Structures are given as C-alpha cells and as structure tokens.
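Data first, discussion second: the structure below is written as structure tokens.
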Amino acid sequence: MSERQPARARGLFGAATAVALVVAVVFATIGDGVEVAEATGLRAAVIDGGHTLVWVLLTVAFAIATVRARWSRLSNAIAIAAGITYALFLVAVFVWR
Numbered sequence: 118m119s120e121r122q123p124a125r126a127r128g129l130f131g132a133a134t135a136v137a138l139v140v141a142v143v144f145a146t147i148g149d150g151v152e153v154a155e156a157t158g159l160r161a162a163v164i165d166g167g168h169t170l171v172w173v174l175l176t177v178a179f180a181i182a183t184v185r186a187r188w189s190r191l192s193n194a195i196a197i198a199a200g201i202t203y204a205l206f207l208v209a210v211f212v213w214r
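Here the sequence shown stands for residues 118 to 214, numbered as in the working numbering.
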C-alpha cells in the first residue's frame, strides 16, 4: 500500500463521517419527518428514535474507519447493526400494528 492510500482513505471516510453526523444531528434536532400517529409503546419509541440511531451508528462506523484508515471488522459490525436497526425502523413504520 502506498503512503497516499491511508491518507485518501482517511479523507473519504472522514467525509462520510461528516455527512452521517450532519444527518444524525438534523434527525435528532429537527426530526426525520416520519409520523405514525397511531404508534404507541415500543413501536412509537422505535419510530421516534430508530432513524436517528441508524445515522449515529453509521457515524461511529465511519469514524472508526477514519481513525484506522481502513474499513475494519468493528466498522462492519457497527454498520450491520445500523442496517438491522433500519430494518426494524421500517417494520415499525410500515408493518407493525
């Protein structure tokens, strides 16, 4: 691996971290625009916080990749957790009754 590759990887992962962080902050402060009025209990909690949690997890995954200058098993595990969280969020919005 050349000396430029880690720097390039850090730059790309750093940019992805910044974008994911901005989305997470927007969702946490302004909201994600998803409203399911009839949702209560656990379903309401998943709908209210799930989408934000997905972006927080992606931010963490990309931040780890930025520090390590490569995508690692830990980054991958956290990104998979984000995907599972997103799937649960979608189920809560469209399927869970």
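Ideal Cβ placement from N, Cα and C applies to all residues, glycine included.
These numbers were taken from a predicted model, which means no experiment stands behind them.
7 Å Cβ cutoff met for residue i and residue j
i	j	result
H168	F206	yes
W172	A141	yes
A178	I195	yes
A124	R160	no
Residue of the options minimising C-alpha distance to residue i
i	options	result
V151	T176, G128, I164 and S192	I164
L138	A162, T176, G148 and L159	T176
G128	T183, A198, A199 and Y203	T183
L174	A133, G148 and P123	A133
W213	A199, A135, Q122 and T157	T157
G148	A204, G166 and G131	G166
7 Å Cβ shell around residue i - same chain, five flanking residues per side excluded
i	result
A126	A186 and R187
Nonlocal neighbours in the same chain, by C-beta distance under 6 Å from residue i, ignoring five residues either side
i	result
A145	T169
A199	V171, L174 and L175
Contacts around residue i, its chain only, beta-carbon distance under 8 Å, and the 5 residues preceding and following it disregarded
i	result
N193	A178
Legend entry - Ordered list of alpha helix (DSSP H) runs contained in the region 155-198, each at least 4 residues: Correct list: 158-185.
Legend entry - Length at least 4, wholly inside the region 119-147: the alpha helix (DSSP H) runs in chain order: For the region 119-147, whole alpha helix (DSSP H) runs of length 4 or above, ordered along the chain, are 121-146.
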